[in-house]
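To convert, take the position in the sequence shown, counting from 1, and add 186; that gives the numbering used here.
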Amino acid sequence: MDGFWIVLTGFLVASSTGMLGNLLLLRKMSMMGDALSHAVLPGIVIAYLISGSRASFPLLIGAIIMGLLTTFLIHFFSNKGKIQGDAAMGTVFTFLFAIGIILVTKYAGQADIDADCVLHGELAFVPLQQTSYFGITAPDAVWTLLLLFTFIQLVFWIGYKGWLLTSFNSEFAASIGIKTAIWHYSLMAATSVATVVSFESVGAILVIAFLVVPAATAYLITKDLKRMVVVIIIQGFLNSFGGYMLSNILNASISGSMAVISFVGFAIVFLVTKKEG
187 MDGFWIVLTG FLVASSTGML GNLLLLRKMS MMGDALSHAV LPGIVIAYLI SGSRASFPLL
247 IGAIIMGLLT TFLIHFFSNK GKIQGDAAMG TVFTFLFAIG IILVTKYAGQ ADIDADCVLH
307 GELAFVPLQQ TSYFGITAPD AVWTLLLLFT FIQLVFWIGY KGWLLTSFNS EFAASIGIKT
367 AIWHYSLMAA TSVATVVSFE SVGAILVIAF LVVPAATAYL ITKDLKRMVV VIIIQGFLNS
427 FGGYMLSNIL NASISGSMAV ISFVGFAIVF LVTKKEG
């Protein structure tokens, strides 16, 4: 049964982050997920130190604020500083992540946050802490990620048209009166939420992999956004199940194995589509 919960956890993270990664890919901002997944760390620690609580809400607020600050700084440096977007992104997220690591190491005893856990996660621990709701007993992480999955589904489909239009042609969207900045920052906020909720269970490395790789794989198969979502959800299961099986065979990290299987799937699709093309 533990294996089921671990695979389900991976699937929920992959599906939630992959849908947002879809939009980031269309905006040519896939590595923004990498930047946000690292840069929100100081926001999490600062929120804990201010609130004195590990409750999800204050940590989410801290992560969202830091995510929006990251987006603003990247935009500011790339536009006002006249440097390339990827350079601005790398500069900002490494600085903020370094600040986060310093805060974690300095206040580790108070914050009860481990840097290795944030980076690598530990899916094997997911089944250990369980709670019953509606007569169903499941790990706390699964309940939390089910809420995240539901939230992302609602946000994605409610904002579908706006995000789609601003992703493909932001200039045209602006010309017809659509507030492109609002759609941009709302996507960054949603990505920050998905990132911080997923951190504790799977770690930053797998969050980044699930943000980028499934969307890139889906884009090789179809250019239709709705079909890409279906492909991403299917990949979420295959990557999670395949990664769990690989980790058992190799006696290795579950998160690392899921990330490896994600790339293997991408490589197979790349070779097949290249041959057909």
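Quick reminder that beta carbons are idealized off the backbone N, C-alpha and C, glycines included.
Would you call the CB atoms of A404 and V388 closer than 8 Å? no
Where do the ends of the alpha helix (DSSP H) carrying Y371 lie? T366 to I407
How do the stretch 271-282 and the stretch 391-409 stand: do at least 3 beta-carbon pairs fall below 8 Å, yes or no? no
Under the assumption that L209 contacts W349 (Cβ atoms under 8 Å), give the Cβ distance between them as a whole number of angstroms. 5 Å
Can you check which of these residues, W329, V312 and M374, is closest to V341 by C-alpha distance? M374
Looking at L222 and T352, is the spacing between their C-beta atoms short of 8 Å? no
Report the residue from I192, V193 and A200 whose alpha carbon sits nearest the alpha carbon of L334. A200
Quick check: G229 and M252, are their CB atoms within less than 8 Å of each other? yes
Quick check on DSSP: helix, strand or coil for Y346? helix
Under a Cβ-count criterion, where at least 16 other Cβ atoms within 10 Å of its own Cβ denotes burial, should Q315 be classed as buried or exposed? exposed
Can you tell me which residues form a DSSP beta bridge with I322? Y319
In chain order, what residues of the same chain have a beta carbon less than 6 Å from the beta carbon of Q271, not counting five sequence neighbours either side? Residue 271 is actually Gly in this sequence, not Gln. If we look at G271 and ignore the five residues flanking it on each side, its Cβ neighbours are S264.
Among L406, S448, K292 and N437, the one whose alpha carbon lies nearest that of F456: L406
Cα-Cα separation between L194 and K266, rounded to whole angstroms: 44 Å
For G428 and W329, what's the separation of their Cα atoms in angstroms? 23 Å
Could you spell out where the alpha helix (DSSP H) holding R213 opens and where it closes? Segment: none, R213 is in no alpha helix (DSSP H) and carries neither H nor E.
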